[in-house]
């Protein structure tokens with residue numbers, strides 16, 4: 013797994029928010045799997061780090077959670093985006109695109 | 057906003073919750089379950105599936121831990137944990153905890169309570185507008201710096217001065233209040249019209265005096281003190297416009313002063329009237345009865361004001377040499393005159409309380425040391441298990457904080473209680489003169505002071521044990537067990553602390569000894585009279601008795617009636633009685649000597665023929681007065697020995713003639729010399745004094761002295777009733793025995809309160825110091841049990857074991873006493889102003905204190921030494 017990238021600091025929250033926007037309500041394991049798949053298995057995600065990130069987002073009011081049952085009948089906590097979360101996602105997407113654009117220009121030189 | 061919300065939730069997360077913990081477990085379990093299901097579908101074995109899921113998660117427990125840290129605030133949570141642990145530790149050891157908290161609370165209580173008094177008298181601003189700009193204004197003469205002004209001088213000073221935006225005067229006086237129940241004595245003050253405006257005080261009800269309302273022709277008006285309004289008029293608003301008769305004159309009530317207003321030099325005046333100078337002392341330039349209070353102009357200083365009034369005094373001296381010769385001027389901040397006399401005693405008490413606090417803190421610190429010593433193993437284990445040194449120190453800090461918090465809470469509570477108690481111990485009359493002590497309590501400054509103390513204590517108590525465990529020695533702790541080098545390390549610090557304690561206790565004991573001795577000296581000072589079985593009382597007759605012959609007739613009737621009472625041996629009369637003041641002075645000169653208008657100023661007492669005999673004063677030479685010596689006979693006088701020594705050195709004063717400075721002179725023949733009587737406060741030197749016959753200078757206001765065969769206390773109400781029977785408008789007041797008068801005089805009170813309080817501090821310090829040395833020696837014995845056992849097994853005698861232990865105690869004690877002695881001599885110098893008849897070098901006191909401290913410490917170390925000597929060698933060797 014040496015050639016897989018670690019998750020960049022601060023980008024995990026954005027990935028979580030984006031995942032939830034795309035898929036609606038989802039549990040932690042599902043979110044982790046989805047992030048790996050979306051990255052084309054290029055990202056190595058330590059699943060354990062996802063949960064504090066989820067807690068932080070929930071504490072900040074960007075996502076909300078409720079208990080439910082997974083597709084194979086396991087008890088799981090489902091997360092979904094709140095209105096504040098949508099706003100945050102929009103803002104962070106903008107910020108990220110801007111940063112990426114700036115970096116791209118630098119690298120193009 | 058989002059951040060804030062996050063933090064709030066995290067802080068809420070500090071509260072432990074089983075539900076949240078269970079949910080976390082469920083969530084992780086669900087995650088692992090789903091992952092394992094997926095892995096199984098990929099064809100892994102169950103064990104492999106499970107292992108892979110846990111690895112990808114990054115460990116179940118560590119995931120939970122990072123989640124928990126995110127859930128709350130780790131630093132805060134650690135601290136809370138430390139607190140819970142500290143409280144558990146302290147509760148497990150209730151003896152130690154209670155002792156430490158009690159000692160700390162004791163030191164805190166003493167210093168906070170005394171500080172509250174210091175604050176009220178010296179720090180808290182006076183309840184006037186911009187009080188820092190107010191000054192007291194006085195006339196100054198030889199031997200009296202802050203003396204009163206005459207009314208006419210005041211009018212000139214007011215007119216001519218350049219430095220005051222306003223200058224006013226006041227006089228504290230007794231007045232006769234006419235009530236439906238006859239005349240009563242009332243406390244009052246006479247003030248000039250602008251007095252309250254100068255102070256910046258506005259009546260809470262009604263109005264202030266109008267300008268000019270204090271002039272002789274103005275109609276008489278009066279302001280009530282708040283307390284007087286409440287007490288006499290039930291605090292009703294319809295009091296305005298009512299009339300009250302004072303000294304036979306009707307006065308209209310125009311206002312009520314604010315509740316927080318006080319003016320110590322005139323307290324506890326209930327009635328504040330204008331001056332209305334219509335005669336008597338008020339209209340004579342040479343008669344001084346007012347004190348000045350002024351507000352400095354912006355930018356002006358006390359110094360420039362002083363130069364200004366000095367110049368005016370010089371002008372007046374040139375203008376009116378008859379009355380103003382030698383009359384200078386003085387200006388000082390108003391605060392000095394109000395509570396300045398308490399400054400030395402308060403500072404000494406504060407010093408005493410501070411030393412007690414030091415000794416208490418040192419005591420608690422050494423308790424903590426012993427305790428940390430016995431926890432060496434626990435600390436070492438925790439350290440070995442990976443507790444960071446920060447976390448270990450944090451634990452000590454937390455325990456220190458818990459102790460200090462508990463000690464402070466208890467200390468503050470008891471301090472506020474102690475303040476009330478101490479205030480109650482001040483005699484009511486005296487407290488009236490110290491109105492700034494009213495409503496003493498935990499104000500913001502007192503709380504700030506306590507906070508500083510608590511902070512220092514907390515630092516001390518957390519640093520001591522933490523420093524003790526220099527972390528390098530920690531690792532040895534496990535291997536070493538409970539004795540060895542660590543014990544010696546503790547012994548070194550602990551014994552230094554004990555030396556500090558003993559030295560501090562020594563300083564306090566010496567202070568207490570000196571103050572106690574000077575109190576004894578003061579109360580046993582020879583005042584020139586026999587003080588037992590003597591009663592004094594003031595008699596004030598209304599103006600209808602003002603004429604000389606009427607005053608004499610009334611005085612004779614009063615004396616006659618009282619002489620006939622059972623148990624009365626003799627009765628005397630004087631305008632002022634012993635142990636009051638050196639005031640009410642007159643100007644005289646010696647006839648037959650060259651004279652250029654100068655004068656000798658000295659107190660004059662107008663006394664009846666029986667006065668000296670009644671007092672039990674001793675006649676040195678000549679004779680006492682005769683009852684028949686009145687205005688129709690040649691003027692005569694008796695002088696005291698101080699007078700004879702000062703003005704007739706090497707001459708015989710008998711038969712010499714004096715005169716007042718009036719022209720032409722009226723000769724007054726000296727017929728007797730009396731041994732010095734202490735007319736002024738107990739702690740003052742004797743002044744030259746002149747006594748003249750009451751019948752040659754009578755007054756309707758005088759004091760009685762009554763010599764009884766016994767039971768003088770019970771006579772006081774009988775005296776008052778007898779006087780009232782003559783005329784119910786004659787007021788009899790201030791009845792007391794001479795012994796009570798001396799005991800309750802201000803100087804006796806100052807000496808007594810300082811001696812008792814410092815004595816109390818010293819007793820506590822002695823106790824703490826002795827307990828401290830006991831602790832050190834006992835600990836050292838417990839550490840050396842094995843060594844002592846070996847020595848005894850090898851044949852050491854009991855005596856040598858005692859010597860071993862007592863030598864250690866003796867060294868500590870010797871060091872403590874030597875250092876204490878050196879500090880005491882320094883500290884006693886600071887006490888100098890409060891001592892009477894005792895030098896700050898008093899060898900007796902120093903020796904007695906050193907002996908007391910030495911014996912008590914030896915006794916304290918004897919107990920552990922005995923325990924050491926009774927060690928059974930076999931047992932001792934087995935303990936290891």
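Chains as they are written, first to last, in my numbering: chain A, 13 to 121; chain B, 57 to 936. Note that beta-carbon positions come from the ideal geometry of N, C-alpha and C, so glycine has one too. As the structure is a prediction and not an experimental result, all values here were calculated from the model.
Query	Result
Presumed contact (8 Å Cβ cut-off) between residue 420/B and residue 160/B, rounded CB distance	5 Å
Alpha-carbon to alpha-carbon, residue 341/B and residue 937/B	The first residue shown for chain B is 57 and the last is 936, placing residue 937/B beyond what the model contains.
Contact set for residue 263/B: own chain, Cβ-Cβ below 6 Å, skip 5 residues either direction	310, 311
For residue 145/B, three-class secondary structure by DSSP	helix
Contained alpha helix (DSSP H) runs [length at least 4] in the stretch 556-621 of chain B, N- to C-terminal order	604-619
Host alpha helix (DSSP H) of residue 400/B (start-end)	399-430
Closest Cα partner of residue 228/B within the set 346/B, 190/B, 128/B, 746/B	346/B
Span separating the alpha-carbon of residue 734/B from that of residue 823/B	40 Å
Selection of the stretch 108-139 of chain B by Cβ proximity to chain A, strictly under 8 Å	112, 113, 114, 115, 118, 119, 122, 123, 125, 126, 127
Same chain, Cβ closer than 6 Å to residue 203/B, neighbours up to 5 away in sequence not counted	194, 195, 197
Interface flag, residue 61/A vs chain B, CB-CB below 8 Å	yes
Residue 243/B in three-state terms, based on DSSP	strand
With 16 other Cβ atoms within 10 Å as the buried cut-off, status of residue 500/B	exposed
Within chain B, partners of residue 72/A - CB distance below 8 Å	58, 59, 61, 62
Buried or exposed (CB count within 10 angstroms, at least 16 for buried), residue 509/B	buried
Listed by chain order, chain A residues near residue 459/B by CB distance under 8 Å	None at all; the shortest Cβ gap to chain A is about 36 Å.
Secondary structure of residue 807/B, DSSP reduced to three states	helix
Range of the contiguous beta strand (DSSP E) that encloses residue 228/B	220-235
Residues in the stretch 64-77 of chain B having any Cβ partner in chain A nearer than 8 Å	65, 66
Whole-angstrom distance between residue 35/A and residue 453/B, CA atom to CA atom	51 Å
Distance between residue 275/B and residue 937/B (C-alpha atoms, nearest Å)	No answer is possible for residue 937/B: the residues shown for chain B start at 57 and end at 936.
Residue from 474/B, 916/B, 564/B with nearest C-alpha to residue 171/B	474/B
Proximity test, Cβ basis, 8 Å: residue 92/A and chain B	no
Amino acids of chain A, ordered along the chain, whose beta-carbon sits closer than 7 Å to that of residue 93/B	84
Test: residue 83/B CB closer than 8 Å to a CB of chain A	yes
Beta-carbon contacts of residue 62/B that lie in its chain and below 7 Å, excluding the five residues immediately before and after	none
Closer than 7 Å at the beta carbon, the chain B residues around residue 101/A	Ordered by position in chain B, no residue passes the 7 Å Cβ test against residue 101/A, which lies about 13 Å from the chain.
One or two residues paired with residue 630/B in a DSSP bridge	663/B, 759/B
Residue 203/B - partner residues in DSSP beta bridges	195/B
Chain-order list of residues whose beta-carbon lies under 7 Å from that of residue 647/B (same chain, five-residue window excluded)	713, 714, 715, 721, 723
Simplified DSSP assignment, three categories, for residue 79/A	strand
Stretch pair the stretch 902-917 of chain B + the stretch 556-565 of chain B: three plus CB contacts closer than 8 Å	yes
Continuous beta strand (DSSP E) assignments of at least 3 residues falling wholly in the stretch 306-356 of chain B	327-329, 347-352
Residue 168/B versus residue 423/B - alpha carbon distance	23 Å
Per DSSP, cross-strand counterpart(s) of residue 696/B	730/B
Contacts of residue 40/A in chain B (Cβ-Cβ under 7 Å)	83, 87
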